[in-house]
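Novice:
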Amino acid sequence: MKLPHGRESKGQALVEFSLAIIVFLLLMMGVFDFGRAIYQYNGVAQAAREIARVTAVHAGPNFATIAGQTPQTRAVIATQMGLIPNLQEPVITCVEIDGTVVTGGCEKGKWINVSIVAPYTPITPLLGLTGTWNLFSASTSVQLQ
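When the count follows the numbering used here, it moves up by one through the sequence shown with no breaks and lands on 163 for the last residue.
What follows is the structure, given as structure tokens:
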């Protein structure tokens, strides 16, 4: 294409495209990274709820000694660890309704609290959001057995 002063613009489109594609790819990577963070945060919350529910239903005959170690609870923990990246082992405790930890046993009607963490590291250095974030969730369920 000829410009008004007789010059040609053969490389102009290539330069404009190379500048625009960098911004576009950074934005797309940011959207992908943000989606990954939301998926992992939602997964951590769902894992805490599911582990609390299964532990409450299948607490076992002596919850004080096997806190969440029934085969059903271990199976759910293994499944959730397979679904959620970097999911750590949950902390399962027996608590009163006001949140104080029960020591010496967890009898029928007490509450089961599950706390779980999964570290998340973004891959896009967008807006300076770097480092590792600990995605935390806790769930409490009444012991049914």
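The beta carbon of each residue, even a glycine, is placed where N, CA and C say it ideally should be.
So the alpha helix (DSSP H) P89 belongs to, where does it begin and stop?
Specialist: 89 to 101
Novice: Which one or two residues does DSSP pair with A74 in a beta bridge?
Specialist: Answer is none; A74 lacks a bridge partner.
Novice: For T158, report the span of its beta strand (DSSP E) as first-last.
Specialist: 151 to 160
Novice: Assuming A55 contacts P140 under a Cβ cut-off of 8 Å, what Cβ separation, rounded to an integer in Å, is found between them?
Specialist: 7 Å
Novice: Which residue from P143, L105, F42 puts its Cα closest to that of S155?
Specialist: L105
Novice: Give me whichever residues DSSP pairs with N131 in a beta bridge.
Specialist: T111, T158
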